[in-house]
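Written out below as structure tokens is the structure these notes cover.
Residue numbers (this note's numbering), protein chains in the order written: chain X, 1 to 339; chain V, 340 to 938.
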């Protein structure tokens with residue numbers, strides 16, 4: 001029987017992808033982050049690689065990042081050219097390295113490039129965060145990375161602590177215990193862990209999504225000093241996109257993330273953050289489209305301050321709509337109640 | 340098979356019934372998930388919840404992953420509902436189904452994610468057809484989170500037994516004020532066009548100035564009351580057998596609902612399989628869609644394929660408002676003018692929307708039961724349809740002479756057939772000049788063709804022959820009506836005898852023949868219109884569980900021959916043949932005469 005991977009492959013085959021040069025970065029920007037309780041400048045670099053190995057086998061149901069992959073696999077020189085294009089712009093304490101796959105996967109980032117980039121960054125920044133799937137967090141990779149950079153953090157897309165949801169809704173292809181093992185392996189080498197969680201994967205209703213994210217934060221906290229909650233947005237060429245187009249998916253309400261944060265605040269020792277990407281659009285997390293900007297601001301502010309009072313001023317009569325959605329969406333038996 | 344639901348009334352796909360829990364709950368029913376009175380226990384998403392409920396006085400919906408209509412098949416297969424064994428059989432069970440799935444053994448089927456196809460007429464119709472096609476006919480259908488006062492009648496018309504107040508509540512909290520003919524933002528209303536308890540207590544401004552929680556709760560109350568009111572209205576029309584008439588007007592509130600009705604007509608089979616052949620209710624043809632309703636199409640189809648008459652002269656005359664036509668002033672005037680020459684012609688009545696009605700079938704439903712908006716102007720569709728029916732009739736018969744005694748738009752319709760005919764009317768068909776012209780032409784044709792007349796008795800026997808052909812299939816009339824048959828009674832309550840043996844009578848109320856056992860035997864019905872029953876002698880009625888097999892042509896209202904090892908009987912079908920065969924509850928045939936066999 002065809003599984004989610006087959007469907008993803010089918011969707012990916014049909015997706016028209018713009019050709020990308022192997023020597024051009026996907027993106028670079030600076031922002032703010034929280035480091036040891038301080039607000040610091042941070043840098044985000046997204047490398048263009050051959051793409052996530054799991055995405056090439058179908059991959060996750062919400063992930064469209066793989067369409068940024070290079071048409072031909074970037075060589076050591078290509079990756080270094082990407083790095084050099086922004087090297088001089090990097091300033092501040094934190095640098096986050098993404099590949100839309102795994103920075104530690106040597107088939108994405110050649111070992112030599114990885115070493116050189118990390119060692120260059122160790123001179124520029126206090127802390128380096130690398131995105132990776134747990135299978136690349138091994139004694140080897142940790143030992144190797146630690147050679148170059150003193151303060152390292154792995155960022156793993158755990159998405160949820162529910163194996164059923166991670167496997168059957170997201171098609172993530174790893175278990176909670178794989179995440180826990182990765183975190184423990186990292187810890188042995190003094191490497192910290194950041195967990196990315198996903199609010200509202202496809203196939204579940206708003207209330208189940210809220211409850212899942214709350215328990216996921218609590219479950220992940222012992223393994224992750226930082227927990228970043230991604231609010232599912234609808235990326236082209238994904239199962240989530242297909243469901244969205246057919247009226248079968250709605251991104252999460254911003255009320256839900258606020259409620260989730262309120263419920264877990266102070267219950268963990270971890271930093272809880274969320275970047276409400278695409279908030280206020282139909283394809284992104286939204287409430288009633290009137291109050292979304294204020295919500296997005298408050299959520300960003302909370303991420304930098306961990307101060308619950310940033311939500312105090314938030315009011316909108318769509319809260320009552322959202323409460324009805326929590327109460328009744330399960331009674332649509334498979335469709336959003338209010339889009 | 341179900342022990343927890345029973346259909347009590349049918350009107351096409353629409354039905355009234357009872358959920359057999361808590362002493363019986365009438366359907367169509369509005370489930371209210373937010374309240375304590377709900378009859379459905381929803382175990383939620385299977386990916387998150389694992390607990391199976393087993394309440395004996397509720398419909399238990401096991402953990403599921405609901406998928407709306409348009410998702411791809413792979414998901415439907417991937418998230419197929421879990422197969423449950425014996426445990427759940429003790430308690431009423433609901434199953435969440437995608438139209439692409441076949442799930443057996445549930446008592447209630449829930450149309451997954453119907454909310455996602457609000458406004459998508461094609462998808463919704465297909466969902467009804469597929470789910471109804473795979474579920475047993477005596478199980479309940481729940482269409483969740485879709486009902487509004489606007490669309491409820493249409494959902495009921497298509498076969499929904501359970502709906503809920505979920506969407507009207509959600510809309511209330513979006514500030515929407517619902518009525519049966521539209522939804523309005525509360526902000527745009529200057530007055531509240533309703534007399535429910537909420538709208539009696541508040542003016543629009545007053546409602547608007549309330550704090551949101553209170554305002555939305557009151558809107559939700561109003562929306563629910565409108566939904567409930569619409570449900571009561573829909574039930575009334577189902578009971579009256581006038582659901583179609585109601586949805587023909589109710590569907591006007593939204594283009595997609597009108598589209599839904601038209602698509603359902605185009606699908607034909609779904610409604611046809613469920614639509615009674617004969618009934619006592621009036622049939623109103625007030626909209627363009629009336630022309631496509633099952634009763635109209637079926638009548639035309641049967642006139643074309645089942646009915647035939649043979650003679651020299653065809654006389655085409657216009658319909659009359661009064662039914663049966665023979666009782667109308669215009670038809671009486673024509674009959675009087677023709678006098679004895681009436682026996683030389685075969686009369687055919689031209690009418691919209693039925694097309695053509697042979698005189699022999701004027702008592703048949705819906706020929707004697709319809710009423711139509713008359714303006715004297717026929718639109719293109721009507722002309723095209725009626726002239727098509729007339730052309731078919733002319734071409735499938737062998738009349739030598741065709742006389743059209745018609746006026747106004749009927750003339751055009753006759754000419755549009757492109758067939759050769761003589762027009763005899765000078766102005767009004769009942770004018771003296773017209774009538775004498777008619778008689779002149781008939782006399783001339785009779786002289787020219789050497790036509791033999793039919794006597795009064797023969798005309799009446801032909802009515803029985805024609806009706807039997809129409810009801811039971813071409814040629815059956817000759818089986819039923821003996822050459823020397825005798826018709827007694829006053830029009831239209833004719834009774835047919837063979838000597839002293841009564842064979843059948845005409846039931847003008849229902850527009851059908853009413854057979855005696857002897858009549859049914861002579862019709863030699865097998866396998867059409869035969870219901871086979873088990874090893875028992877039925878009394879009064881045959882219930883569905885007693886039916887072993889039933890012919891698939893059978894529709895509610897048909898006279899059927901009931902046959903079993905212990906008895907034969909004749910009666911009126913109360914459900915369609917496919918339902919008799921597959922149902923475990925309800926009356927299948929209401930018996931008229933029973934005969935015990937041997938011993």
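Where a beta carbon is used, it is the ideal one built from N, C-alpha and C, also for glycine.
Residue range of the beta strand (DSSP E) that includes residue i
i, result
"residue 841 of chain V", "840 to 846"
"residue 236 of chain X", "Unbroken run through residue 236 of chain X: none, as it is neither H nor E."
"residue 95 of chain X", "94 to 98"
"residue 398 of chain V", "398 to 400"
"residue 562 of chain V", "Unbroken run through residue 562 of chain V is the alpha helix (DSSP H), 551 to 579; no beta strand (DSSP E)."
"residue 773 of chain V", "Unbroken run through residue 773 of chain V is the alpha helix (DSSP H), 771 to 788; no beta strand (DSSP E)."
"residue 880 of chain V", "880 to 882"
Own chain residues within Cβ distance below 8 Å of residue i, not counting five before or after
i, result
"residue 888 of chain V", "870, 871, 920"
"residue 543 of chain V", "525, 528, 529, 530, 531"
"residue 425 of chain V", "Low per-residue confidence applies at residue 425 of chain V: pLDDT is 46, beneath 50, and the placement is therefore not dependable, though the value from the model is reported in the following sentence. Here the set comprises nothing."
"residue 506 of chain V", "454, 457, 484, 485, 486, 487"
"residue 738 of chain V", "650, 651, 652, 653, 685"
Where residue i meets chain V, residues with beta-carbon distance less than 7 Å
i, result
"residue 321 of chain X", "512, 513"
"residue 317 of chain X", "551"
Residue i - containing alpha helix (DSSP H), residue span
i, result
"residue 806 of chain V", "795 to 811"
"residue 823 of chain V", "Counting along the chain, residue 823 of chain V falls outside any alpha helix (DSSP H), and DSSP gives it neither H nor E."
"residue 269 of chain X", "It is not in any alpha helix (DSSP H) - residue 269 of chain X carries neither H nor E in the DSSP assignment."
"residue 79 of chain X", "76 to 87"
"residue 716 of chain V", "Note, residue 716 of chain V: premise wrong, no alpha helix (DSSP H); not H, not E."
Beta-carbon proximity of residue i to residue j, cut-off 9 Å
i, j, result
"residue 614 of chain V", "residue 894 of chain V", "yes"
"residue 372 of chain V", "residue 210 of chain X", "no"
"residue 558 of chain V", "residue 502 of chain V", "no"
"residue 698 of chain V", "residue 732 of chain V", "no"
"residue 170 of chain X", "residue 134 of chain X", "no"
"residue 149 of chain X", "residue 119 of chain X", "yes"
"residue 807 of chain V", "residue 862 of chain V", "yes"
"residue 381 of chain V", "residue 203 of chain X", "no"
"residue 348 of chain V", "residue 577 of chain V", "yes"
"residue 521 of chain V", "residue 592 of chain V", "yes"
"residue 482 of chain V", "residue 460 of chain V", "no"
"residue 601 of chain V", "residue 628 of chain V", "yes"
"residue 801 of chain V", "residue 859 of chain V", "no"
"residue 345 of chain V", "residue 925 of chain V", "yes"
Cross-chain neighbours of residue i in chain V, by beta carbon under 8 Å
i, result
"residue 164 of chain X", "386, 387"
"residue 205 of chain X", "384"
Neighbourhood of residue i by C-beta, 6 Å cutoff - its chain only, sequence neighbours within 5 removed
i, result
"residue 330 of chain X", "205"
"residue 535 of chain V", "561, 564"
"residue 65 of chain X", "100"
"residue 397 of chain V", "378, 380"
"residue 672 of chain V", "769"
Under 9 Å from the C-beta of residue i: neighbouring residues of chain V
i, result
"residue 6 of chain X", "413"
Chain X residues whose Cβ lies nearer than 8 Å to that of residue i
i, result
"residue 508 of chain V", "324, 328"
"residue 373 of chain V", "327, 328"
"residue 503 of chain V", "331"
Residues near residue i by beta carbon distance below 7 Å, same chain, minus five either side
i, result
"residue 292 of chain X", "254, 279, 280, 286"
"residue 264 of chain X", "214, 217, 218, 272"
"residue 232 of chain X", "62, 198, 199, 200, 201, 240, 251, 252"
"residue 873 of chain V", "885, 887, 903"
"residue 586 of chain V", "492, 493, 496, 600"
So if I threshold CB-CB distances at 9 Å, which residues from the stretch 626 to 651 of chain V count as touching chain X? For the stretch 626 to 651 of chain V, which is checked against every Cβ of chain X, not one residue is closer than 9 Å.
Using a Cβ-Cβ cutoff of 9 Å, what residues of the stretch 400 to 415 of chain V are near chain X? List them in chain order. Within the stretch 400 to 415 of chain V, the qualifying residues are 400, 403, 404, 405, 406, 407, 408, 409, 410, 411, 412, 413, 414.
What residues from the stretch 248 to 264 of chain X come within 8 Å of chain V, judged by C-beta to C-beta, listed N to C? With the criterion set as a beta carbon lying under 8 Å from some beta carbon of chain V, the members of the stretch 248 to 264 of chain X are 248, in sequence order.
Contacting positions in the stretch 231 to 247 of chain X - beta carbon closer than 8 Å to chain V: Under the 8 Å Cβ criterion, the stretch 231 to 247 of chain X contributes 242, 243, 246, 247.
Please list the residues of the stretch 150 to 180 of chain X that have a C-beta atom closer than 9 Å to any C-beta atom in chain V, keeping them in chain order. From the stretch 150 to 180 of chain X, only 162, 164, 165, 168, 169 have a Cβ closer than 9 Å to chain V.
Which residues, in order along the stretch 439 to 470 of chain V, keep a beta-carbon less than 9 Å from a beta-carbon of chain X? From the stretch 439 to 470 of chain V, only 449, 450, 451, 452, 453, 454, 455, 456, 457, 459 have a Cβ closer than 9 Å to chain X.
Using Cβ-Cβ distances below 7 Å, what residues of the stretch 479 to 501 of chain V are close to chain X? The residues in question are 483, 484.
Using a Cβ-Cβ cutoff of 8 Å, what residues of the stretch 183 to 216 of chain X are near chain V? List them in chain order. Cβ contacts with chain V come from 203, 204, 205, 208, 211, 212.
Mind listing which residues of the stretch 268 to 291 of chain X have their C-beta closer than 9 Å to chain V's C-betas, in chain order? Within the stretch 268 to 291 of chain X, the qualifying residues are 288.
Listed in chain order, which residues of the stretch 303 to 315 of chain X have Cβ atoms closer than 9 Å to some Cβ of chain V? Listed in chain order, the positions of the stretch 303 to 315 of chain X with a beta carbon within less than 9 Å of a beta carbon of chain V would be empty, since no residue qualifies.
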